[in-house]
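S.K.: Per numbering that gives the first Met the number 0, the sequence shown runs over residues 0 to 345. We put the beta carbon where it would ideally sit given N, CA and C, even for glycine. This is the structure, below, for whatever I ask next.
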Amino acid sequence: MEVRLEGITKSFGDFTAVNNLNVTIDDGTLAGLLGPSGCGKSTTLYMIAGLEKPTSGRIYFGDEDVTDLPPEKRGIGLVFQNYALYPHMTVRQNIMFPLENAKVPKAEALKTAQEMADLVQIGHLMDRKPGELSGGQQQRVAIARAIAKKPRVLLLDEPLSNLDARLRLETREEIRRIQQETGITTIFVTHDQEEAMSITDTIVLMKDGVLQQKEAPQEMYRKPANQFVASFMGTPPMGFLTGKVENHKIMIGSSVLSEMEAADGEVIIGVRPESWRLSEHEGMDATVTMVEVIGRDTLMTVEVEGQKIRCLIDSDYEVKVSDKVKLAVKPQAIHLFDKTSGHRLG
Numbered sequence: 000m001e002v003r004l005e006g007i008t009k010s011f012g013d014f015t016a017v018n019n020l021n022v023t024i025d026d027g028t029l030a031g032l033l034g035p036s037g038c039g040k041s042t043t044l045y046m047i048a049g050l051e052k053p054t055s056g057r058i059y060f061g062d063e064d065v066t067d068l069p070p071e072k073r074g075i076g077l078v079f080q081n082y083a084l085y086p087h088m089t090v091r092q093n094i095m096f097p098l099e100n101a102k103v104p105k106a107e108a109l110k111t112a113q114e115m116a117d118l119v120q121i122g123h124l125m126d127r128k129p130g131e132l133s134g135g136q137q138q139r140v141a142i143a144r145a146i147a148k149k150p151r152v153l154l155l156d157e158p159l160s161n162l163d164a165r166l167r168l169e170t171r172e173e174i175r176r177i178q179q180e181t182g183i184t185t186i187f188v189t190h191d192q193e194e195a196m197s198i199t200d201t202i203v204l205m206k207d208g209v210l211q212q213k214e215a216p217q218e219m220y221r222k223p224a225n226q227f228v229a230s231f232m233g234t235p236p237m238g239f240l241t242g243k244v245e246n247h248k249i250m251i252g253s254s255v256l257s258e259m260e261a262a263d264g265e266v267i268i269g270v271r272p273e274s275w276r277l278s279e280h281e282g283m284d285a286t287v288t289m290v291e292v293i294g295r296d297t298l299m300t301v302e303v304e305g306q307k308i309r310c311l312i313d314s315d316y317e318v319k320v321s322d323k324v325k326l327a328v329k330p331q332a333i334h335l336f337d338k339t340s341g342h343r344l345g
């Protein structure tokens, strides 16, 4: 089911949480609503669910305008951050609950509940209660309950935030598997860019209620639309230096970083830490100011022409604070942004 938002704005008094959002989620895809806290992503999800009503704009499921429909009429499955399971009910009863409310015959409801439990790999836990389950198992119960009524759209609000690191990894892989097996259009909210990049077909990245970029994860990583997107996507984050383009040379102070086809003028130069390399003969002179060994890699902070940037290098290179090094970078790894607006150049 395609989900389309047209000119969606949501205000709470004088505060605008979502501002003129236009975005389409394609049928059968897994989309991540991504951004920092307070960017409007959960508000957007709640408007899609029908829990919040837009101040202006329209929401469509396919060709159907659902803007004024209550949640129960939209054909959605919703999974909350805290799972919202009934503690006095068994796993089976929790999954069956929306089916019983919909007056589905008991035999059919039992069969569907077992099928959904098997799909999320908790079929052997049907007689347990939520308090007897791990966080990851509870999350799977919540997902099974949400998809038991065969929704047109599945909505997940920060579904992994209550899990530890290992469980988050396992559960996000399960969410992807379940979405692919069911083919349900799925939208989930997260503030974790690694989480969004790992399993989504598309990312909708927001800041201060405004859409920054909608793109496939790797394309957004390779070609960020502006400096905010560039800084938000990637771990460690992209570093930035103030420089200029002069006669097709990328300059940082008096140092030449690279040659590149670009218009002359002052720019913000963005380079991801992993795109730098140490060189013996070419590149910019830099001084190491901090060294952090993180397993197979070394994250070092260097100073170039009075500006600092972080570089990720192989830990086989032995560097220490105060070392003088030469830094080089491939031209295709350089991102240029307008110094005033932050928009991508080229």
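Can you tell me whether DSSP reads H280 as helix, strand or coil?
M.R.: In this structure, H280 counts as coil in the three-state DSSP scheme.
S.K.: One question on the structure: do I96 and D156 come within less than 8 Å of each other, judged by their Cβ atoms?
M.R.: The sequence shown places Phe at residue 96, rather than the Ile named in the question. In this structure, D156 does not lie closer than 8 Å to F96 by Cβ.
S.K.: In three-state DSSP terms, what is V17?
M.R.: The answer is strand: DSSP assigns V17 an E or B state.
S.K.: Short of 7 Å in beta carbon distance, which residues of its chain neighbour I94, apart from the five on each side in sequence? Order them along the chain.
M.R.: For I94, where only same-chain residues beyond five positions count, the Cβ hits under 7 Å are A112, M115, A116, V140, A143, R144, A147.
S.K.: If you run the structure through DSSP and keep just helix, strand and coil, what is H87?
M.R.: In the structure shown, H87 sits in coil (DSSP, three-state: anything other than H, G, I, E or B).
S.K.: Tell me which residues share the same chain as E51 and place their Cβ nearer than 7 Å to its Cβ, disregarding the 5 neighbours each side in the sequence.
M.R.: Contacts found: K9, T42, Y45.
S.K.: Tell me, please, whether the segment 252-272 touches the segment 230-244 by the rule of three or more beta-carbon pairs shorter than 8 Å.
M.R.: Contact holds: three or more Cβ-Cβ distances are below 8 Å.
S.K.: Work out the CA separation of E317 and D284 for me, nearest whole Å.
M.R.: The straight-line gap from Cα to Cα measures roughly 17 Å.
S.K.: So what does DSSP say about M46, is it helix, strand or coil?
M.R.: Helix at M46.
S.K.: Just to confirm before moving on: does the CB-CB distance between V320 and V301 stay below 8 Å?
M.R.: Result no, Cβ atoms of V320 and V301 do not sit closer than 8 Å.
S.K.: Here's the rule I'm using: 16 or more other beta-carbon atoms within 10 Å means buried, otherwise exposed. How should S257 be labelled?
M.R.: With 16 or more Cβ atoms within 10 Å of its Cβ, S257 is classed as buried.
S.K.: K248 to M259, Cα distance in whole Å?
M.R.: Distance between the alpha carbons of K248 and M259 is about 6 Å.
S.K.: If we count the other Cβ atoms within 10 Å of its Cβ and call it buried at 16 or more, is A108 buried or exposed?
M.R.: Classification for A108: buried.
S.K.: When the Cα atoms are used, what is the spatial distance from L335 to I186?
M.R.: When rounded, the distance between both Cα atoms is 31 Å.
S.K.: How many angstroms separate the CA atom of L33 from the CA atom of V209?
M.R.: Cα to Cα, L33 sits roughly 12 Å from V209.
S.K.: Closest to R309 by CA distance: which of L326, G341, A48 is it?
M.R.: Looking at the Cα atoms, L326 is the closest of the given residues.
S.K.: Measuring alpha carbon to alpha carbon, tell me which of P53, P129, I75 ends up nearest V90.
M.R.: Nearest C-alpha to V90: P129.
S.K.: Are the CB atoms of L4 and N18 nearer to each other than 8 Å?
M.R.: It is not a contact, given that the beta carbons lie outside the stated cut-off.
S.K.: By Cβ distance below 7 Å, which residues in the same chain neighbour P70 in space, the five residues on each side in sequence not counted?
M.R.: Result list for P70: A48, G49, L50, in chain order.
S.K.: Among the residues of its own chain, which have a CB less than 8 Å from the CB of E281, if the five just before and after it don't count?
M.R.: So the list reads K325, A327, once near-sequence residues are dropped.
S.K.: Near Y220, what residues of its chain come up, given a Cβ to Cβ distance below 6 Å and the 5 sequence neighbours on each side ignored?
M.R.: M232, listed in sequence order.
S.K.: S314 and D296 - do their beta-carbons sit closer together than 8 Å?
M.R.: Yes, the pair counts as a contact, with Cβ atoms nearer than the cut-off.
S.K.: Leaving aside the five residues before and after S253 along the sequence, list all residues of the same chain whose C-beta is less than 8 Å from its C-beta, in chain order.
M.R.: Excluding positions up to five away in sequence, the list reads E304.
S.K.: Verify whether the separation of the beta carbon atoms of N161 and G134 is less than 8 Å.
M.R.: Yes, these two residues count as a Cβ contact at 8 Å.
S.K.: Leaving aside the five residues before and after S340 along the sequence, list all residues of the same chain whose C-beta is less than 8 Å from its C-beta, in chain order.
M.R.: These residues qualify, in order along the chain: N225.
S.K.: Is the beta carbon of V228 sitting closer than 8 Å to the one on Q217?
M.R.: The answer is no: Cβ separation not under 8 Å.
S.K.: Quick check on DSSP: helix, strand or coil for Q331?
M.R.: In this structure, Q331 counts as helix in the three-state DSSP scheme.
S.K.: Please name the residue, chosen from Q138, E193, I75, S197, that lies closest to A83 on a Cα-to-Cα basis.
M.R.: Of the listed residues, the one whose Cα sits closest to A83 is Q138.
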